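Undergrad: Numbering (this note's numbering), first residue to last: -9 to 123. All C-beta atoms, glycine included, are put in the ideal place defined by N, C-alpha and C. Just so it is clear, the structure is predicted and the values come from calculations on it, not from any experiment. Can you keep this structure in mind? I'll have questions shortly.
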């Protein structure tokens, strides 16, 4: 196993473009080692959850926050429902949920969440919400 020195990853030149003459050039930084990359594996449970969420027009924090481990949880039939829409009024620097003015509350959403829990055969459900300050 080989390590990339931190000063190479944190270099202020990494990924920066420069122009030499008339030709733009890109200063490349070292690639991450293969062991660092995770290969997404979409199995039948992953696809079942994805299709159920799409069919019932529901959101998960997994998708909206662009979680890189979504496939791992969904393959274990675990997902966190995101209620009250997919637009948050806060702009947290660590979160990828869309920020803006939320749409009207969907009064049918609780029923669709219950339908999804039943359709997926879950014994318990984790539910979180966007902020609507």
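Check each candidate in 71, 87, 27, 96 and name the one with the smallest Cα separation from residue 118.
TA: Here residue 118 corresponds to residue number 128 of the chain shown, with the count starting at 1. Among 71, 87, 27, 96, the Cα nearest to that of residue 118 is on 71.
Undergrad: Could you check how far apart the C-beta atoms of residue 31 and residue 65 are, in whole angstroms? I think they sit under 8 Å.
TA: Locating residue 31 in the chain shown gives position 41, where the first residue counts as 1. Locating residue 65 in the chain shown gives position 75, where the first residue counts as 1. Contact flag correct, Cβ pair sits at about 7 Å.
Undergrad: Going by the beta-carbon positions, is the gap between residue 79 and residue 122 smaller than 8 Å?
TA: Locating residue 79 in the chain shown gives position 89, counting from the first residue. Locating residue 122 in the chain shown gives position 132, counting from the first residue. Cβ distance < 8 Å, so residue 79 and residue 122 count as in contact.
Undergrad: Can you have a look at residue 4 and say buried or exposed, based on whether 16 or more other CB atoms are within 10 angstroms of its CB?
TA: By one-based count along the chain shown, residue 4 stands at place 14. Caution is warranted here: a pLDDT of 47 is assigned to residue 4, below 50, making its placement in the model unreliable, and no coordinate value can be reported.
Undergrad: Identify the continuous beta strand (DSSP E) that holds residue 70 and give its terminal residues.
TA: Here residue 70 refers to the residue found at position 80 when the chain shown is read from its first residue. Element bounds for residue 70: 70 to 73.
Undergrad: Would the beta-carbon of residue 110 fall within 8 Å of that of residue 67?
TA: Here residue 110 refers to the residue found at position 120 of the chain shown. Here residue 67 refers to the residue found at position 77 of the chain shown. Taking 8 Å as the Cβ cut-off, residue 110 and residue 67 qualify as a contacting pair.
Undergrad: Measuring straight from C-alpha to C-alpha, what distance separates residue 104 and residue 84?
TA: Here residue 104 refers to the residue found at position 114 of the chain shown. Here residue 84 refers to the residue found at position 94 of the chain shown. The straight-line gap from Cα to Cα measures roughly 30 Å.
Undergrad: Tell me which residues share the same chain as residue 113 and place their Cβ nearer than 6 Å to its Cβ, disregarding the 5 neighbours each side in the sequence.
TA: Position 123 of the chain shown, counted from the first residue, corresponds to residue 113. The answer is none, since no qualifying residue turns up.
Undergrad: Roughly how many angstroms lie between the CA atoms of residue 120 and residue 34, to the nearest whole one?
TA: Counting from one through the chain shown, the residue named residue 120 turns up at place 130. Counting from one through the chain shown, the residue named residue 34 turns up at place 44. The alpha-carbon atoms of residue 120 and residue 34 are separated by roughly 29 Å.
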